[in-house]
Amino acid sequence: MKEWVMIHKMKALYDNGKGSSIRSIANELGASRNTVRKYLRLDEAAITDMQENRERHKVLDDYRDYIIHLLKTYPRLSAVKVFRKLKEKVGGIEISDRTVRRHIRSLKKTVAFKQKRYYEPVLDMIPGVQCQVDLGELRQVQIGDETRAVYFAVFVLSYSRLMYVTAYPRPIDTDAFIHIHDAAFRYFGGCPEECVYDQTRLVVIKEIFRELELNQRFYQYAMQAGFQIRVCEGYDPESKGKVEAGVKYVKNNALYAETFSDWFDLEAYLSNWLEETANARRHGTTGKVPRQFYEVEELGVMKSYFTPSCIKKTAGSPEIRKVDKTGLISWQSNKYSVPMAYQKATVGVDAIDHKLLITDLETGAHIAEHVVCQEKGRVIKNNNHYRDHEKRTADLETSVEKQLGNLLGRSICKLLKATSPKIYKDQLAGLISVLSGYDCLDSGIMERLARQPSLTVTKIQDYLEAYSLSERRVIQSESSGTSVDLARYANIARVNKVEGGRHAIH
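505 is the number that numbering that gives the first Met the number 0 gives the last residue of the sequence shown; the numbers go up by one with no jumps.
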């Protein structure tokens, strides 16, 4: 029975709930109750559209084999181009682009169009050329009285399959990554011509169109050590297969089902496992024992390696982090804020005594500080980082200059900043508040204040209050016929005498 005929029959039997039940309709037509419910929910417009689509798809079904041939030959071919090629082959077709896209989308669900991948030989047949490096993590390892995660790095020489592995109790950062390379090359007794990595941020900050922005500290180490950095395409483990297998080998053979009394016990175990198991077994691919194969055929062609001078500086050098567009940097699985002026910039980061210190790489200036969060997945934010303090200060200075005049206003601002640099913005806000309380200011008193060796807002306030009080007394005296203009600054003099006990808090 045609689908839309069945739908109309279901609707007739159901009669908007006045006729047969869904169960009896399902039994009569041999359909499931869910199917009956689905079709009863369709209105006439939906049924008509479904009917038209069926007819349109019939047209494309006539060319199904040709479409499949195109998609299998050219898997990335768009629906628009498929339609164009179809029209070129058979002439005009009365059908829309949208219908073609829907048809091809449904076709791809039923037919696999996998693009063939082509492979090329890699440089594992030349000794001393390549080392593959990868990081791994295994959780729930029993160490002492607790289970914890173990982070490790694996190095595999592509020719001899000689392996080096070391473990860390916390996520491996750039410092640790550099020191691990140093230890690995000293273990090998030499350095390969290139090392291959996936796109870890320890090596690559970002990639755009295969243009790489490298971690500059690691790049500096690689240049001094004498090896080239080669980075795989993202999500392509096949291009780094040897070390991927090595990571699984460490997880499943070295660490799985083992318990350790402490961290030193784990390190000693791994060292012993390397010598007695990993590098002493007969390798399944080469058919040779890695340690023996390396010493006979590869050690002699490895480049000489000496610990570079930058290693000694590593501990005191900041790690490099890229600030994202929201003003956050990543550090050990958490996000920390920096001032908004550094959004999308690069900054230096140091962790010292449970504090995260963030610096400007160009000036070395300290720009932010956070307490290191021991949890993961947190965002640690200082709201002050998202305020434009320079603009706020400039706006306050402009307001002062409008009230006092440009020249006098700048002089007062300069003196306030010299006296209290750490609270200058607060002093400006306070000055505006004080000045707003006076409708008419005597420029003489403000000019006298501008010539003082130091100045605070409280001092300005005291002077203005004393001046205002003495002015009122002069007016009162003049009304009684006595002129006491010279007494106008009497109160100001008294303020000067007691001023030594007042100062701004920095």
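Built from N, CA and C at the ideal position, the CB exists for glycine as well.
Residue span of the alpha helix (DSSP H) that contains residue i, given as start and end
| i | result |
| --- | --- |
| residue 66 | 63 to 72 |
| residue 268 | 262 to 272 |
| residue 202 | Element bounds for residue 202: n/a, residue is neither H nor E. |
| residue 82 | 78 to 89 |
| residue 444 | 442 to 449 |
| residue 383 | Note, residue 383: premise wrong, no alpha helix (DSSP H); not H, not E. |
| residue 216 | 215 to 224 |
Reduced DSSP category for residue i - H, G, I as helix; E, B as strand; rest coil
| i | result |
| --- | --- |
| residue 12 | helix |
| residue 435 | coil |
| residue 293 | helix |
| residue 35 | helix |
| residue 179 | helix |
| residue 158 | coil |
| residue 185 | helix |
| residue 101 | helix |
| residue 20 | coil |
| residue 7 | helix |
| residue 462 | helix |
| residue 211 | strand |
| residue 243 | helix |
| residue 306 | coil |
| residue 391 | helix |
| residue 456 | helix |
| residue 484 | Per-residue confidence for residue 484 stands at a pLDDT of 44, beneath the threshold of 50, marking its modelled position as unreliable; no derived number is given. |
| residue 164 | strand |
| residue 257 | coil |
| residue 149 | strand |
| residue 467 | helix |
| residue 250 | helix |
| residue 398 | helix |
Own chain partners of residue i with C-beta closer than 6 Å, once the 5 adjacent residues on each side are dropped
| i | result |
| --- | --- |
| residue 331 | 170 |
| residue 12 | 18, 19 and 24 |
| residue 440 | none |
| residue 304 | 184, 189 and 190 |
| residue 321 | 204 and 345 |
| residue 149 | 137, 140 and 166 |
| residue 176 | 201 |
Cβ neighbour criterion (16 or more within 10 Å) applied to residue i
| i | result |
| --- | --- |
| residue 273 | buried |
| residue 430 | buried |
| residue 124 | exposed |
| residue 163 | buried |
| residue 301 | buried |
| residue 86 | exposed |
| residue 266 | exposed |
| residue 222 | exposed |
| residue 378 | exposed |
| residue 157 | buried |
| residue 484 | Bear in mind that the predicted position of residue 484 carries a pLDDT of just 44, short of 50, making it too unreliable to give a figure here. |
| residue 127 | buried |
| residue 281 | exposed |
| residue 14 | exposed |
| residue 482 | Here the model assigns residue 482 a pLDDT of 40, short of 50, so the residue's position is not dependable and the matter cannot be decided. |
| residue 99 | buried |
| residue 337 | buried |
| residue 37 | exposed |
| residue 279 | exposed |
Beta strand (DSSP E) segment containing residue i, residue limits
| i | result |
| --- | --- |
| residue 358 | 354 to 359 |
| residue 347 | 345 to 351 |
| residue 124 | That residue, residue 124, is in no beta strand (DSSP E); it is neither H nor E in DSSP. |
| residue 172 | Segment: none, residue 172 is in no beta strand (DSSP E) and carries neither H nor E. |
| residue 192 | That residue, residue 192, is in no beta strand (DSSP E); it is neither H nor E in DSSP. |
| residue 408 | First-last for residue 408: 405 to 418, but that is the alpha helix (DSSP H), not the beta strand (DSSP E). |
| residue 368 | 365 to 370 |
| residue 327 | 327 to 330 |
| residue 281 | Note, residue 281: premise wrong, no beta strand (DSSP E); not H, not E. |
| residue 228 | 227 to 230 |
| residue 139 | 129 to 142 |
| residue 319 | 318 to 321 |
| residue 333 | 333 to 336 |
Beta carbon proximity, residue i to chain C, threshold 9 Å
| i | result |
| --- | --- |
| residue 136 | The question asks about chain C, but that chain is absent: this structure has only one protein chain. |
Chain-order list of residues whose beta-carbon lies under 7 Å from that of residue i (same chain, five-residue window excluded)
| i | result |
| --- | --- |
| residue 400 | 408 and 409 |
| residue 41 | 6 |
| residue 364 | 358 |
Cutoff 8 Å; reference residue i; Cβ partners in own chain excluding five residues on either side
| i | result |
| --- | --- |
| residue 203 | 196, 211, 212, 213, 214 and 230 |
**Q.** Meets three-Cβ-pair contact criterion under 8 Å: the segment 204 to 218 and the segment 315 to 325
**A.** yes
Q) Any contact of the segment 181 to 196 with the segment 135 to 148, i.e. 3+ C-beta pairs under 8 Å? A) no
Q: Check whether the segment 192 to 204 touches the segment 222 to 232, counting contact only when three or more Cβ pairs, one atom from each stretch, lie closer than 8 Å.
A: yes
Q. Given 8 Å as the limit, is there contact between the segment 285 to 305 and the segment 336 to 351, that is, 3 or more CB pairs closer than that?
A. no
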